[in-house]
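Trainee:
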Amino acid sequence: MASIKGTRSRGIALHAVLVIGLLLSAFPFYWAVIMSTHTATEIFSYPPKLLPGSHFLQNVRSLFDNVDFFGSMLNSLLVASSVTFLVLLFDSLAAFVFAKFEFPGRRLLFGLLMLIFMVPTQLAIIPQFVMMAKIGWIGSMTALIVPAAANAFGIFWMRQYMRSAIHDELLDASRIDGANFLRQYWHVALPVVRPGLAFLGIFTFMGTWNDYAWPLVALTNPDNVTLQVALSQLNGVHGTTDYGMVMTGALLALVPLLIVFAIGAKQIIGDLGKGAVK
Amino acid sequence: MATALEKPPVVAEQTPTAGPRTGFRKYWHLYAAISPFYLLFLAFGLIPVGFSLYLSFHRWDGLGSMEWAGLSQYRYLLSDSDFWSSIGNTVIIWALATFPMIFLAMVTAVMLNSAVRFKNVYRFAYFLPNVTSVVAVAIVFGSVFSTNFGLMNALLQAVGLDQVAWLNTPWGIKVAIATLMTWQWTGYNAIIFLAGLQTIPSELYEAARVDGAGPVETFFRITLPQLRPTLLFVLVVSTVTGLQSFTEAQVLLQNTSNDSTFSGGPGHAGRTMVLYFFQQTFDNNDFGYGAAVAWGIFLVVVLFSIINWRLVQRRGEE
């Protein structure tokens, strides 16, 4: 009896601590909502406002007046969805080959892939910038899309996934039926690895959506940027004056991500750990 | 490697995973399927990295002609106190963020592992900070740590303490950046630790209970040693990403200087290595020196990764 009681109170204490952690995780989002619903004067007053105010729509209006919010959001959508599509296509093709086929140079090429995984991006930034300036990509979204169209992480991850998910018997059967490589990829491999593609797709989309350093230097035309760069401009210029508006921008920029995350959360959280413990 | 003289065996077509080697023509479709990545890497990885090595031995402003500089960029790098202080800033911020983060993440994971109910709700909520953009989060944290109207100072004032000019003092800046990073990565790593915890066989825990081990002893004797591979993974990833941090400090401190958005705040206290790299390259247009700085950063990251690896490995052998 006593031990049951002890277990229960321990359970309550456990949940109490976990809920505190949950509130700490959620608090900045709440804070962003508070700030985006107040005027600058209200934000600067003491004691700080802890409940939402009534100036959200005004803040939204001045946000849209000050920055091309939808234009930059469209740019972000264009970049993130193109990169995601290309990454899914190229990475899954390469992963299929590395997971299921034997050919000369396979080990060497895969080893090279793992090495590439470790090369830091700064090393390539200057030459990339110079090269792209020469071919006229600087300032356009192409500069963000093309270099990101395939990556070592995705190929490695998909290969691990495909090795166990696609059964050799299925491939053999399809070959006997006369299916060529592309048909096998499309009709045998892809349907089986759809959950893996969902993980990689969501992961890539969110990562690309949040990219900042390279877009900041590559998008030289301040009127044609991605959402993250636009937000940063807004913060740089208006950060010290109209905090309500800047915070509204930050909040609205989070919305598409939260939607994507809500759709794919189960996949993301479930698969994330797999790669780490394997 | 295969030569054209080898006879292509007939079985090659039938056994995909164990086909003997033969000429290029037989496998061209496989090479074609993996080629996009390698072509992109060649164009945007290998050639640029090679070029940046070449560049680091030159003086170049990106427009005029390149001038051979020998080792002078690297010699300057070694004596450049700004670069060394940026290493110091980066390491301090990394340590301030990483150790509390790993501790909190592990505690959270252990608690999540023993909590039966609402596990998915917690996992969802704890992961949320990690999917949000660093830019947006840095803007929000900028307001939390603001000297004039920030929540932190309001809290300090409410309990009767002196206010702190967070984004104006060397330690305030570092604490603010580290807090942001800890907030953003604790839940992510907790979920990775949780996955690691779930691979520990329950017989081990039962054996410990039979032996009369308490929860603390169980944690240090069983949980921690079993979790070592996961810990290594988390530590290495945190080191590689933490030492290359850029966005947090850049967005938090971009307003503080009139001449450079990469200044890292008053006294350059938040100027990380990568911020310094951007400042030298894109504000000063010093492409040659920027390339040398990039290689310097690379070496520092490699060095720290090796140290991490050694530390965790050695503890494993004891």
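Top line first, the protein sequences correspond to chains A and B. According to UniProt numbering, the first sequence is numbered sequentially starting from 1. According to UniProt numbering, the second sequence is numbered sequentially starting from 1. Yeah, the Cβ is synthetic: ideal placement off N, Cα and C, and Gly gets one too. Keep in mind that this is a model prediction, so the values were computed, not measured.
Taking only runs that begin and end inside the segment 112–152 of chain B, name each unbroken alpha helix (DSSP H) of 4 or more residues, in chain order.
Mentor: Listed in chain order, the complete alpha helix (DSSP H) runs (minimum 4 residues) inside the segment 112–152 of chain B are 119–131 and 134–144.
Trainee: Using 8 Å as the threshold, is the segment 299–311 of chain B in touch with the segment 233–253 of chain B, meaning 3 or more CB pairs across them?
Mentor: Judged by Cβ distances under 8 Å, the segment 299–311 of chain B makes contact with the segment 233–253 of chain B, as three or more pairs qualify.
Trainee: With a threshold of 16 other CB atoms inside 10 Å of the CB of Arg163 (chain A), please say whether the residue is buried or exposed.
Mentor: Exposed, by the Cβ-count rule.
Trainee: Using a Cβ cut-off of 9 Å (strictly closer), state whether Met131 (chain A) contacts chain B.
Mentor: Cβ-Cβ to chain B under 9 Å: yes for Met131 (chain A).
Trainee: Just how far apart, CA to CA, sit Leu275 (chain B) and Val135 (chain B)?
Mentor: Answer to the nearest angstrom: the Cα atoms are 15 Å apart.
Trainee: Have a look at Phe103 (chain A) and Ala43 (chain B) and give me their C-alpha separation to the nearest angstrom.
Mentor: Straight-line Cα distance between these residues: approximately 24 Å.
Trainee: Keeping to the same chain, check which residues put their C-beta closer than 7 Å to that of Leu55 (chain B); ignore five residues upstream and five downstream.
Mentor: Closer than 7 Å at Cβ, skipping near neighbours: Phe287, Gly288 and Ala291.
Trainee: I'd like the list of long-range same chain contacts for Ala115 (chain B), defined as Cβ closer than 8 Å, with 5 residues on each side in sequence excluded.
Mentor: Excluding residues within five positions, the ones whose Cβ falls inside 8 Å are Tyr122.
Trainee: Across which residues does DSSP place Trp68 (chain B) in a beta bridge pair?
Mentor: Bridge partners of Trp68 (chain B): B:His58.
Trainee: Which residues of the segment 131–143 of chain B have a Cβ closer than 9 Å to any Cβ of chain A? Give them in chain order.
Mentor: So the list reads Val131, Thr132, Ser133, Val134, Val135, Ala136, Val137, Ala138, Ile139, Val140, Phe141, Gly142 and Ser143, given in the order they occur along the chain.
Trainee: Could you name the residues of the segment 211–232 of chain A whose beta carbon sits closer than 7 Å to any beta carbon of chain B, in the order they occur along the chain?
Mentor: So the list reads Tyr212, Ala213, Val217, Gln228, Leu231 and Ser232, given in the order they occur along the chain.
Trainee: Using CA coordinates, which residue listed in A:Gly71, A:His167 and A:Ala40 is at the minimum distance from Thr248 (chain A)?
Mentor: The candidate whose alpha carbon is nearest that of Thr248 (chain A) is A:Ala40.
Trainee: 9 Å is my cut-off, CB to CB: does residue 328 (chain B) come that close to chain A?
Mentor: In the structure as shown, chain B begins at 1 and stops at 318. Residue 328 (chain B) is therefore absent and cannot be evaluated.
Trainee: If you pair each beta-carbon of the segment 227–237 of chain A with each one of the segment 63–75 of chain A, do three or more pairs fall below 8 Å?
Mentor: Contact between the segment 227–237 of chain A and the segment 63–75 of chain A is present, because at least three Cβ pairs lie under 8 Å.
Trainee: Over the uninterrupted alpha helix (DSSP H) stretch that includes Val60 (chain A), give me the two end residues.
Mentor: Counting along the chain, the alpha helix (DSSP H) containing Val60 (chain A) begins and ends at Phe56 to Asn66.
Trainee: Enumerate, from N- to C-terminal direction, the unbroken beta strand (DSSP E) stretches of 3 or more residues contained entirely within the segment 73–121 of chain A.
Mentor: Correct list: empty.
Trainee: Does Asp223 (chain A) pass the burial test, meaning 16 or more other C-beta atoms within 10 Å, or should it be called exposed?
Mentor: With fewer than 16 other Cβ atoms within 10 Å, it is exposed.
Trainee: Which runs of the alpha helix (DSSP H) at least 4 residues long sit entirely within the segment 15–58 of chain A? Give them in chain order.
Mentor: 40–43, all fully within the segment 15–58 of chain A.
Trainee: Between which two residues does the alpha helix (DSSP H) holding Val236 (chain B) run?
Mentor: Note, Val236 (chain B): alpha helix (DSSP H), Arg228 to Gly242.
Trainee: If you measure between the beta carbons of Ile200 (chain B) and Ile222 (chain B), is that distance less than 9 Å?
Mentor: Closer than 9 Å, so yes.
Trainee: Just by C-beta distance, which residues in the segment 287–318 of chain B are closer than 8 Å to chain A?
Mentor: Within the segment 287–318 of chain B, the qualifying residues are Phe287, Gly290, Ala291, Ala294, Trp295, Ile297, Phe298 and Val301.
Trainee: Using a Cβ-Cβ cut-off of 6 Å (strictly less than) and excluding sequence neighbours within five positions of Gln160 (chain A), which residues of its own chain qualify?
Mentor: Cβ neighbours of Gln160 (chain A) beyond the five flanking positions: none.
Trainee: What residues in the segment 157–182 of chain A have a beta carbon less than 9 Å from any beta carbon of chain B?
Mentor: Within the segment 157–182 of chain A, the qualifying residues are Asp168, Leu171, Asp172, Arg175, Ile176, Asn180, Phe181 and Leu182.
Trainee: Under 7 Å between beta-carbons, which chain A residues line up against Thr281 (chain B)? List them in chain order, please.
Mentor: Within 7 Å Cβ-Cβ: Ile126.
Trainee: Return helix, strand or coil for Arg21 (chain B), following the three-state DSSP convention.
Mentor: Reliability fails at Arg21 (chain B), whose pLDDT of 49 lies under 50, so the model's placement of it is uncertain and no value is given.
Trainee: Tell me whether the beta-carbon of Thr272 (chain B) lies closer than 9 Å to the beta-carbon of Ile93 (chain B).
Mentor: Cβ distance < 9 Å, so Thr272 (chain B) and Ile93 (chain B) count as in contact.
Trainee: Relative to the C-alpha of Gly105 (chain A), which candidate in B:Leu46, B:Leu180 and B:Tyr27 has its C-alpha closest?
Mentor: Considering only alpha carbons, the answer is B:Tyr27.
Trainee: Count the other CB atoms within 10 Å of the CB of His167 (chain A); is the residue buried (16 or more) or exposed (fewer)?
Mentor: With fewer than 16 Cβ atoms within 10 Å of its Cβ, His167 (chain A) is classed as exposed.
Trainee: Return the chain-ordered ranges of every alpha helix (DSSP H) run that is complete within the segment 189–240 of chain A and spans a minimum of 4 residues.
Mentor: With a minimum length of 4 residues, the continuous alpha helix (DSSP H) runs that stay inside the segment 189–240 of chain A are 194–210, 213–218 and 227–238.
Trainee: Exposed or buried, which one is Trp166 (chain B) when buried takes at least 16 other CB atoms within 10 Å?
Mentor: Per the 10 Å Cβ criterion, buried.
Trainee: Closest by CA to Met245 (chain A), which one among A:Val19, A:His38 and A:Phe85?
Mentor: The residue with the shortest Cα to Cα distance from Met245 (chain A) is A:His38.
Trainee: CA-CA distance, residue 365 (chain A) and Asn168 (chain B)?
Mentor: One cannot answer for residue 365 (chain A) here, as it falls past the ends of chain A, which runs 1 to 278.
Trainee: Pair every Cβ in the segment 45–52 of chain B with every Cβ in the segment 125–133 of chain A, then say whether three or more of these pairs are closer than 8 Å.
Mentor: Yes: at least three Cβ pairs fall under 8 Å.
Trainee: What does the alpha-carbon distance come out to for the pair Pro170 (chain B) and Leu204 (chain B)?
Mentor: Approximately 47 Å, taken between the alpha carbons.
Trainee: Should Ser25 (chain A) be flagged as near chain B, meaning a C-beta pair shorter than 9 Å?
Mentor: Output row for Ser25 (chain A): interface = yes.
Trainee: Would you list, in chain order, the members of the segment 87–112 of chain B that have their beta-carbon closer than 9 Å to a beta-carbon of chain A?
Mentor: Within the segment 87–112 of chain B, the residues whose Cβ lies closer than 9 Å to some Cβ of chain A are Leu104, Val107, Thr108, Met111 and Leu112, listed in chain order.
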